[in-house]
Amino acid sequence: MLMCKTCFKAGSARSGVFACLMFVFCSSFLRFHNVAGFSFSVRMTQDLQTLKENYKAKNKTCFILGASGETGKVLLKELLQSQLFSRITLIGRRKLTFEDEAYTNVVQEVVDFEKLDDFASAFEGHDVGFCCLGTTKAKAGEEGFIRVDHDYVLKSAELAKAGGCSHFNLESSKGAEKTSNFLYLKVKGQVEADIEALDFVRYSIFRPAMLLVDRKESRPTEWMARKFLSPLSHLFPTAITIPINFVARAMINNAVIDVDNKVEILENKAIYNLGQLWENETK
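Just so you know, we're using the working numbering here: the sequence shown kicks off at 154 and counts up by one.
Rendered as structure tokens:
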């Protein structure tokens, strides 16, 4: 299902992206104390290690979309370390190579995202799905960005639901809103809503702020914004930035915690707190 092309003209692409980042920055301050969808204090009382042991005993399987991306790479590493899942499957457009023996038993399914219906079997038999798939307008163009971040993600979610996936985890973005004037946030918000309509048993949306990561890929505007926001991140660690490993760890910790809400939206502060639980657990 293709999303209609959005008209988005706000000067140059670079100024438009920077304006979008500043919008997210401002909205983060306004919503600094928001922990969406649940009371984090209740979660803090739960024994995370016990929850993980109980979860591991269920012999669940999972898949990752976007394992070659920055979040996906860290998520895969942390999942292997946690040993929560009996099988981890990577679904992507190419096979990835790993030197570490820890990756030996990782299953890889190579698919053509333009013909996903032909690869429906790749999405069968997984209890949990982690979607970190995405690109940028600068890299793929406007139509390419919509195709990847909306169409590929939504179609993958549809096939995952049909294949038996009960818990779908989506990495979205701070400020995602389907009525936004910014293309990036609009597309993120639209795909959030479209996946919600699929009615998963559990659907977790993660909306991190600016990711603190040293990318191999060159993103000048993002680099400029990080330089501007970095000093503030020390004063307000959960308002405007987040370490990328905290996002991955939050996705894992959240998976093992029982929740009442069928759909949950985790804003940056909630993600940070869940990721920090991992740090506390290993001390």
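We put the beta carbon where it would ideally sit given N, CA and C, even for glycine.
From the listed residues M404, G222, A408, S274, the smallest Cα separation to I424 is found for M404.
A residue is called buried when at least 16 other Cβ atoms come within 10 angstroms of its Cβ; S239 does not meet this threshold and is exposed. Nearest in C-alpha terms to N407, of all of A220, N212, L228, is L228.
With respect to G316, G278 sits close: the two C-beta atoms are nearer than 8 Å. Shown here, T332 sits in coil according to DSSP, grouped into three states, outside any helix or strand. CA-CA distance, N322 to G282, rounds to 6 Å.
For F216, no alpha helix (DSSP H) run applies; the uninterrupted beta strand (DSSP E) run containing it begins and ends at 214-218, by DSSP. When beta bridges are read from the DSSP output, H320 appears opposite V281, R355. Beta-bridge partners assigned by DSSP to L364: I395.
Look at R240 here: in three-state DSSP terms it is strand. At the C-beta level, F335 and L312 stay beyond 8 Å of one another.
Straight through space, the alpha carbons of G342 and V409 are spaced by roughly 25 Å.
Note: L204 is not bridge-paired with any residue in the DSSP secondary-structure output.
Taking a C-beta distance under 8 Å as the contact criterion, I395 and A362 qualify as a contact pair.
Counting along the chain, L228 sits inside the alpha helix (DSSP H) bounded by residues 223-235.
Counting C-beta atoms within 10 angstroms of its own C-beta, V354 has fewer than 16 neighbours from the protein chains shown and is therefore classed as exposed. Residue pairing for G245: DSSP places it in a beta bridge opposite V263. Taking the C-beta atoms as reference points, S319 is found no nearer than 8 Å to E417.
Rounded to whole angstroms, the separation of the alpha carbons of Q236 and C215 is 11 Å. Setting aside the 5 residues that flank it on each side, L427 is surrounded in the same chain by A403, N406, N407, each with a C-beta closer than 6 Å to its C-beta; the list follows chain order. Around the C-beta of G328, 16 or more other C-beta atoms lie within 10 Å, and the residue is accordingly described as buried. Spanning the alpha carbons of I348 and L307 requires a straight line of approximately 6 Å. For T289 and G219, the gap between their C-alpha atoms comes out near 13 Å. Between F399 and L365, the alpha-carbon positions lie close to 10 Å from each other. Contact between I393 and C285 is absent: CB atoms are separated by about 21 Å, not below the 8 Å threshold.
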